[in-house]
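Undergrad:
Protein chains: 2
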Amino acid sequence: MSNATFVVSYALTSLSALSKRNCKTSRGCASMADLTPLFKPKSVALVGASSDTKKYGYWTAKSLIDNKFTGDLYLISKTAAADILGRKPYTSISDVPASIDLAIIGIAPKYILPVLQECADKGVKAVIVVSTGFGETGPEGKALEKEMLAIASKAGMRIMGPNCMGMFSAPASLNASIIDLDKGHMGLVLQSGNFGIDINFNAKKRGLGYSGWATIGNQIDLRFADFVEYLGQDEATRVVMMYMEGLRVSSVNDGRDFLEKARRTALNKPVAAIKIGRSAAGARAAVSHTGSLAGSEKVFDAALSQAGVIRVDSPNELLDVGEAFSRCKPAKGNRIAILTDGGGHGVMATDTAERFGLNALVLSDETQKKLRAILKPHCPVKNPVDLAGTPEADMWVFDRCAEVLLADPDVDGLVIVGLYGGYCDLSEEFRQLEMDVAKSLVERAAKSDKPVVMHSIYQPQCPDSLQYIMEHGFPVYGAIDAAMRAMGALVGYGARQERIRKELAAKPPQLPADRHARVRAIFDMARAQTRVNLVETEAREVLRAYGFTMPEYGLAKHADEAAKLFSKFGGSKVVMKIVSPDILHKTDAGGVCLNVASEEQARQAYDKLLGNARRYDALAEIYGVMVTPMLPGGIECIIGSSFDTTFGQTVMFGLGGIFVEVLKDVSFRVAPINVPEAEGMIREIKGSPLLEGVRGQKGANVAALAEAVSKLSHMVTELADVAEVDLNPVFATEDGVDIVDARIVLRPSNEM
Amino acid sequence: MSNATFVVSYALTSLSALSKRNCKTSRGCASMADLTPLFKPKSVALVGASSDTKKYGYWTAKSLIDNKFTGDLYLISKTAAADILGRKPYTSISDVPASIDLAIIGIAPKYILPVLQECADKGVKAVIVVSTGFGETGPEGKALEKEMLAIASKAGMRIMGPNCMGMFSAPASLNASIIDLDKGHMGLVLQSGNFGIDINFNAKKRGLGYSGWATIGNQIDLRFADFVEYLGQDEATRVVMMYMEGLRVSSVNDGRDFLEKARRTALNKPVAAIKIGRSAAGARAAVSHTGSLAGSEKVFDAALSQAGVIRVDSPNELLDVGEAFSRCKPAKGNRIAILTDGGGHGVMATDTAERFGLNALVLSDETQKKLRAILKPHCPVKNPVDLAGTPEADMWVFDRCAEVLLADPDVDGLVIVGLYGGYCDLSEEFRQLEMDVAKSLVERAAKSDKPVVMHSIYQPQCPDSLQYIMEHGFPVYGAIDAAMRAMGALVGYGARQERIRKELAAKPPQLPADRHARVRAIFDMARAQTRVNLVETEAREVLRAYGFTMPEYGLAKHADEAAKLFSKFGGSKVVMKIVSPDILHKTDAGGVCLNVASEEQARQAYDKLLGNARRYDALAEIYGVMVTPMLPGGIECIIGSSFDTTFGQTVMFGLGGIFVEVLKDVSFRVAPINVPEAEGMIREIKGSPLLEGVRGQKGANVAALAEAVSKLSHMVTELADVAEVDLNPVFATEDGVDIVDARIVLRPSNEM
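Chains as they are written, first to last, in the working numbering: chain E, 1 to 752; chain G, 753 to 1504.
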């Protein structure tokens, strides 16, 4: 991008505008990729089918046939003379006497280009390349991928893969993988087939299946954003799940496209993700592994959270959440009742509640009274409700207590923990009773508008009663933290939706109409001088152009001017700072004088600052000395912005001083954000209670602070030139926000 | 305790002295309880044996017989006419024509007393009461327990239970439970039989067993401390594990006895525990459930950490750790190598490392070079070492890489993650290869002095190769976080031992010889006035008596005296504070004047303070006004002490101001502690980098700070009268520690 066009590459009021107004992703327009040929193809060709039972081409053919694909299936084999699995193969795809929606290609890389061309010529709508040996092996493979993409793009054909393990689609009964996948309600998109196997082992054990399942491999064409968007509108999918190693982006627009599509999906459907590379060492390992440029993990985490994605850490945790949404309705609030027949399990569940945002409240007197009428005096009824040995005498206490708890208007969800499913071992009578009570619990849960989840130490044994509950009712987990994580996800869903809704409904800040011209003048000046660092007076003018209220200031070019400026500002104390494009760290250079209290002191300060600057850097160009009134102080904050290689412009907030330096207590968002998200990022830092005012200190005007954060985020989104903004410190006061120091760095011209 | 004896109830130099010098636990002397009759009985009687296959008395008899108890077994049944399981029962224990070491009693509570008496008369050494219906049901049950204890104590017979699920001992092949337990190397003590079942399900799946296993129920006699101590010296036990709901204590000496025994055990053997009731809501639930008085969770956590106990949160986590120590040698340091055949799994393992204190370091150039000679160019070798598809071509890369990594002197342990165990599905050749490589890996691990743990997504399927590794070599986990938790425990063991060793080797602080008399005079005065609050001048004298350097001060009784004191302190600024036993919160009462800079100001301040005090509380008794030099400032800290109902005197450290008020950033220890533990508690708070000096501020003398914390901890340990000490603020400077304000509260006389 040339210097002439560096300002205002795109003007957005919110992230969602990106995909509406811009066609900027690396693959052309960000409008929805049509994945119907993948998930609901009318006809499928398997290229590389084989009758050799040791070959991938055999296993895949068998999988497609055994799973009873609903459309027409054609096997393609250059070499096979005889039938494959009772079907006559075609020598090439062009021989197939019908149109093909989807081609699954499992042939060696050296044969790929002609086959792709053949597919393109045939009018195939989408191909899945399952073979390995492409970009993941080095530069040659990457070059091959480019050629593949060129063929496909020209024909309007979409590519999934290469280097993937295929896909599965429940509506089409399509299993284009060699993994034994069942139908269900989870939509799972994976960047690794291994994790697909890993998760599926446990999914099968839990009786869970997929509406859609896709391993997207090297993502040379179709990517996470496309699959998330498709599964988001797919009726059979109740929850969208991802295993991510990193986003593959050609530019930050791809990152932003993903964020926006995930967010739009999360408005209508729960979305959960593992993203590896969380720790510093892990991020380093991820770069080695995926070969991708790692953006900031803090920003990735913020982006997922902004998009309303539930982030989990392991395959089992992902499945905990997937199971919850496969089998439960979301909760309306976070107040839960815990019903237990093992005191210790009840306490452990209560311990775990907080970690997942759950409130195990003390039940109302009325509810306690009702429970007391059911239970013996030694049974605790405050919450957890502890049956403490009563089920052996009367199994129906489970059901009667569940009835009371689900009817309590203060309770948003019910967690049953302990030993259910183990009573059947005591006698045949207990076995029958346990099943009867299970049926009643299932019915009760179905009638209620509140979610029910269960933990049982007998879950791994899968007795009939638990099997029944899982198949017909609600999830049963073998570990308490899994059950609580599940309830936490159910409870958090509404809050995540509400957060997105509020943010989208909020008005972006009003920005002055003349801002572009004013900023352009400043940037032009800096670029003309081949500078990327704005001096503080310039940075202040950029902020003013965007409507930030900045204290008055003047630039003194000699000592007398400094004295005059002192008087001009009413004679109260002033701060004086050296203004030089060559002196970035003013304090280190002795370039700041605080508490200047008279004209005489102003003159002295001027001379001193100039002297210090000369000593610091004899060749530094000096524009003068900035004079500005001392600000009365407030709570020290930092508001900043930096450019992330995955998501582009971001905004950062933190409390200043030790909070940033010792505790690294800062929050991030992908820019732009409106006031609701800005308030969220202010509230989420650990030190935020400080803003309410503690130890006799006055509190801060959080609304004004949020307004400033939001405004900065919109500013950097408009100004593609800006690499970094650092407002540090900012004094947050009862009345508003005072920016004490501002630093803006532009991106080098050659990067634009 | 009368007023006359309130000072120096016990004088200890360290916690370990408690059990050596004192016989203060609720059950008499704290010397080791002999659990040999429980774990290695020569003869066992089962009282309540039955031939009814639906009864506990049948199941237990069967369990004892089936598990081939090595000693003599006698079945006792009042009612059985015929043989039970082919053995002739005795009508009563007194009929048995031999001596009995251990009686297992499973009869209704109403019959318990005469049976216990009979056991006592027979000379039975220990009894296990498995029946329920005792203290856990209410006051009547509690009264019955007292009578049981009286009978046993008189006869020197020990009781385990009641309300428990029995026990298991590998050396005696004794399974006195109805649970199917296997022999192995874990010693597990549980406060809940349910959790015993829960953990055992998974232990069996993992092929793990127990050296000793005990459910200790209501703990009317034998408690955690006894079992931990026994298993600590038991040769078959490699790791001691506990499931705790809370300590049952008659006095804090029981809590301290547990801490000390756990610590002595942890010096020689790893100890791990779950303790439920961690959250506020969980603690409330635990009180409902166990009926016990809950001490502070923060203190309990500190005590476990002080004792070197690995704290985990769930049964599965406990087993992760138990498996590690059952099958591995501990690591000498925390630097680990990760070897993976799935890139994503490698990254995930790296992510998880930090959480468990592991350092997935970048491997040395030399090691990388050796690995590169084995692996293809596309395989990352920095750490994680990613085989990236090579095992399919050559399975032995696992073994060759493991050899290189175990030989690297920078590597303390090896974690293999990914897909091992899944290759066998590819072909018969691979099955054989996978087993051969497994055997070599096992051999390699056995020869190395470094631990090896494995994760495999195929672990739940338990293929032959993994089965072999688990049985003959090292643990294989099905989840990455489990593998990393295990390695974390192995790595942390040495550090925990070293911590205890250092603390025990450290000399306690030198305390002035005349401290007791000096403190006694002050306490006598307060007690004589029926006060529990010491005024600040008194608190300062107590601290001085214990060797704390306190600034000079004087007590002015009228304005002129205040002026004189000002001059006496050299004319620099002074602080003046009201001294009244009725005014505790001096600042609230307007009872503090800072920066008093002249004699005149001192006079005015005196009058002002007195006026304020009168307005605040017209009836307050006023001792005068304390005058003391202003201290120059430093890093604001808090050092405090409070009395915990489980562990007694504790000590607390935190950074002052917002760190305490906003972030609750404080650490605790059970008193007394020496300098090493005190340094540990200073370093463990999040804000501790502040003490190194940040933002141009000077750092603090951490050694002096630790000395002060240690000294206070010894002081409160000696002074059983003291309920609470609050040194707040304390200024930590480069030179030392300045105590600015001190508050001491005594325990009410009637509690002594």
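We treat Cβ as the ideally placed atom computed from N, Cα and C, and that holds for glycine.
Which value, in whole angstroms, describes the spacing of the CA atoms of methionine 1328 of chain G and lysine 1316 of chain G?
TA: Residue 1328 of chain G sits at position 576 when you count from the first residue of the second sequence. Residue 1316 of chain G sits at position 564 when you count from the first residue of the second sequence. Computed Cα separation, rounded: 13 Å.
Undergrad: If aspartate 847 of chain G and alanine 878 of chain G are in contact, beta carbons under 8 Å, what's the gap, nearest whole angstrom?
TA: Walking along the second sequence from the start, residue 847 of chain G turns up at place 95. Walking along the second sequence from the start, residue 878 of chain G turns up at place 126. Contact flag wrong, Cβ pair sits at about 20 Å.
Undergrad: Below 8 Å CB to CB, which residues in the same chain sit around serine 778 of chain G once its five sequence neighbours on both sides are set aside?
TA: Taking the first residue of the second sequence as 1, we reach residue 778 of chain G at position 26. In this prediction, serine 778 of chain G scores a pLDDT of 49, lower than 50, which makes its location untrustworthy; the coordinate-derived value is nonetheless stated afterwards. Excluding sequence neighbours, serine 778 of chain G sits near Val1001, Ser1002, Ser1003, Asn1005, Asp1006.
Undergrad: With a cut-off of 8 Å, does the C-beta of glycine 736 of chain E fall near any C-beta of chain G?
TA: To locate residue 736 of chain E, count along the first sequence from 1; it is residue 736. False, the Cβ-Cβ gap to chain G never drops below 8 Å.
Undergrad: Answer with yes or no whether the minimum CB distance from proline 1381 of chain G to chain E is below 8 Å.
TA: Sequence index remark: in the second sequence, residue 1381 of chain G carries index 629 (1-based). Not an interface residue.
Undergrad: Under a three-way DSSP split, which group does alanine 30 of chain E fall into?
TA: By 1-based counting over the first sequence, the position of residue 30 of chain E is 30. With a pLDDT of 46 at alanine 30 of chain E, under the threshold of 50, the predicted position of this residue should be treated as unreliable, though the coordinate-derived value follows. Coil at alanine 30 of chain E, not helix or strand.
Undergrad: Quick one: using the 10 Å Cβ neighbour count with 16 as the cut-off for buried, is threonine 650 of chain E buried or exposed?
TA: If you number the first sequence from 1, residue 650 of chain E lands on position 650. Per the 10 Å Cβ criterion, buried.
Undergrad: Assuming methionine 912 of chain G contacts leucine 790 of chain G under a Cβ cut-off of 8 Å, what Cβ separation, rounded to an integer in Å, is found between them?
TA: Position 160 of the second sequence, counted from the first residue, corresponds to residue 912 of chain G. Position 38 of the second sequence, counted from the first residue, corresponds to residue 790 of chain G. Right, their Cβ atoms sit about 6 Å apart.
Undergrad: Would you give the residue range spanned by the beta strand (DSSP E) that alanine 878 of chain G belongs to?
TA: Within the second sequence, residue 878 of chain G is the residue found at index 126, counting from 1. Element bounds for alanine 878 of chain G: 878-881.
Undergrad: Taking three-plus beta-carbon pairs below 8 Å as touching, is the stretch 1422-1429 of chain G in contact with the stretch 1454-1461 of chain G?
TA: The stretch 1422-1429 of chain G is in contact with the stretch 1454-1461 of chain G.
Undergrad: Taking all protein chains shown into account, decide if glutamate 235 of chain E is buried (16 or more other Cβ within 10 angstroms of its Cβ) or exposed.
TA: Position 235 of the first sequence holds residue 235 of chain E. Flag for glutamate 235 of chain E reads exposed.
Undergrad: To the nearest angstrom, how far is it from the Cα of alanine 1025 of chain G to the Cα of threonine 340 of chain E?
TA: On the second sequence, residue 1025 of chain G is found 273 positions in, with the first residue counted as 1. On the first sequence, residue 340 of chain E is found 340 positions in, with the first residue counted as 1. Distance between the alpha carbons of alanine 1025 of chain G and threonine 340 of chain E is about 22 Å.
Undergrad: Using the Cα positions of valine 1379 of chain G and cysteine 1389 of chain G, report the straight-line distance between them to the nearest angstrom.
TA: The sequence position of residue 1379 of chain G within the second sequence is 627, counting from 1. The sequence position of residue 1389 of chain G within the second sequence is 637, counting from 1. Approximately 22 Å, taken between the alpha carbons.
Undergrad: What would DSSP say about asparagine 22 of chain E, mapped onto helix, strand or coil?
TA: Position 22 of the first sequence, counted from the first residue, corresponds to residue 22 of chain E. Its pLDDT being 41, under 50, asparagine 22 of chain E is placed unreliably in this model, and the value from its coordinates should be taken loosely. Three-state result, asparagine 22 of chain E: coil.
Undergrad: Which chain E residues are close to proline 1441 of chain G, counting only those with a beta carbon under 9 Å from its beta carbon?
TA: The sequence position of residue 1441 of chain G within the second sequence is 689, counting from 1. Going along chain E in sequence order, the residues near proline 1441 of chain G (Cβ under 9 Å) are Ile658, Glu661, Val662, Leu663.
Undergrad: Taking the Cβ atom as the reference point for each residue, do asparagine 701 of chain E and glycine 657 of chain E lie within a distance shorter than 8 Å?
TA: Here the question's residue 701 of chain E lines up with position 701 in the first sequence. Here the question's residue 657 of chain E lines up with position 657 in the first sequence. No, the Cβ-Cβ distance between asparagine 701 of chain E and glycine 657 of chain E is not below 8 Å.
Undergrad: Just how far apart, CA to CA, sit alanine 1484 of chain G and glycine 1386 of chain G?
TA: Residue numbering aside, residue 1484 of chain G sits at position 732 when the second sequence is read from its first letter. Residue numbering aside, residue 1386 of chain G sits at position 634 when the second sequence is read from its first letter. Each residue's Cα considered, the two are about 5 Å apart.
Undergrad: Quick one, which of E:Ile682, E:Arg499, E:Ala742 has its alpha-carbon nearest arginine 544 of chain E's?
TA: Residue mapping note: residue 544 of chain E aligns to position 544 of the first sequence, counting from 1. The candidate whose alpha carbon is nearest that of arginine 544 of chain E is E:Ala742.
Undergrad: Find the residues of chain E that neighbour leucine 1171 of chain G, judging by a C-beta separation of less than 7 Å, and give them in chain order.
TA: In the second sequence, counting from the first residue as 1, residue 1171 of chain G sits at position 419. Those are Asn194, listed as they occur along chain E.
Undergrad: Using a Cβ-Cβ cut-off of less than 9 Å, give me the residues of the stretch 411-437 of chain E that come near chain G, in sequence order.
TA: Per Cβ criterion, the list reads Gly418, Leu419, Gly422, Leu426, Ser427.
Undergrad: For a contact meaning CB atoms closer than 7 Å, what does threonine 1398 of chain G contact in chain C?
TA: Here the protein chains are E and G, and chain C is not one of them.
Undergrad: Could you spell out the range, first to last residue, of the alpha helix (DSSP H) harbouring leucine 1442 of chain G?
TA: On the second sequence, residue 1442 of chain G is found 690 positions in, with the first residue counted as 1. Element bounds for leucine 1442 of chain G: n/a, residue is neither H nor E.
Undergrad: Among E:Asp198, E:Pro377, E:Ser710, which residue has its Cα nearest to the Cα of glycine 389 of chain E?
TA: Numbered from 1 along the first sequence, position 389 holds the residue referred to as residue 389 of chain E. With distances taken between Cα atoms, glycine 389 of chain E lies closest to E:Pro377.
Undergrad: At which residues does the beta strand (DSSP E) containing glycine 577 of chain E begin and terminate?
TA: Numbered from its first residue, the first sequence carries residue 577 of chain E at position 577. In the sequence as displayed, the identity of residue 577 of chain E is lysine instead of glycine. From DSSP, the beta strand (DSSP E) with lysine 577 of chain E extends over 574-579.
Undergrad: Residue range of the alpha helix (DSSP H) that arginine 400 of chain E falls in?
TA: Counting from 1 along the first sequence, the entry for residue 400 of chain E is found at position 400. 397-407 is the extent of the alpha helix (DSSP H) around arginine 400 of chain E.
Undergrad: For threonine 352 of chain E and alanine 1032 of chain G, I'd like the C-alpha separation in whole angstroms.
TA: Here residue 352 of chain E is taken as the residue at index 352 of the first sequence, counted from 1. Here residue 1032 of chain G is taken as the residue at index 280 of the second sequence, counted from 1. Their Cα atoms are separated by approximately 11 Å.
Undergrad: As a quick exercise: from E:Ile128, E:Gly611, E:Val309, E:Arg284, pick the residue whose alpha carbon is nearest that of glutamate 297 of chain E.
TA: By one-based count along the first sequence, residue 297 of chain E stands at place 297. The shortest C-alpha separation from glutamate 297 of chain E is found at E:Arg284.
Undergrad: Taking the beta strand (DSSP E) that isoleucine 1387 of chain G falls in, what are its first and last residues?
TA: Working through the second sequence from its first residue, we reach residue 1387 of chain G at position 635. First-last of the beta strand (DSSP E) with isoleucine 1387 of chain G: 1387-1396.
Undergrad: If I follow the unbroken beta strand (DSSP E) through alanine 176 of chain E, where does it start and stop?
TA: On the first sequence, position 176 is the one that residue 176 of chain E refers to. Element bounds for alanine 176 of chain E: 174-176.
Undergrad: What is the DSSP secondary structure of asparagine 1086 of chain G, reduced to helix, strand or coil?
TA: Residue 1086 of chain G sits at position 334 when you count from the first residue of the second sequence. Residue state, collapsed to three classes: coil.
Undergrad: If you measure from the beta carbon of lysine 1438 of chain G to each beta carbon in chain E, is any gap under 8 Å?
TA: Counting from 1 along the second sequence, the entry for residue 1438 of chain G is found at position 686. With 8 Å as the cut-off, lysine 1438 of chain G counts as an interface residue toward chain E.
Undergrad: Quick one: residues in its chain with C-beta nearer than 6 Å to the C-beta of glycine 1085 of chain G, no 5 flanking neighbours on either side, listed in chain order?
TA: Against the second sequence, residue 1085 of chain G aligns to sequence position 333. Asp1164, listed in sequence order.
Undergrad: Opposite glutamine 529 of chain E in the DSSP bridges: which residues?
TA: Numbered from its first residue, the first sequence carries residue 529 of chain E at position 529. DSSP, once it has assigned bridges, lists no residue as partnering glutamine 529 of chain E.
Undergrad: Along the stretch 50-68 of chain E, where does the CB come closer than 9 Å to a CB of chain G? Name the residues.
TA: So the close ones are Lys54.
Undergrad: Taking DSSP as the reference, what is the three-state secondary structure of valine 452 of chain E?
TA: Locating residue 452 of chain E in the first sequence gives position 452, counting from the first residue. If DSSP states are grouped into helix, strand and coil, valine 452 of chain E belongs with the strands.
Undergrad: What three-state label does DSSP hand phenylalanine 1405 of chain G in the structure shown?
TA: Here residue 1405 of chain G corresponds to residue number 653 of the second sequence, with the count starting at 1. Looking at phenylalanine 1405 of chain G - three-state DSSP - the assignment turns out to be strand.
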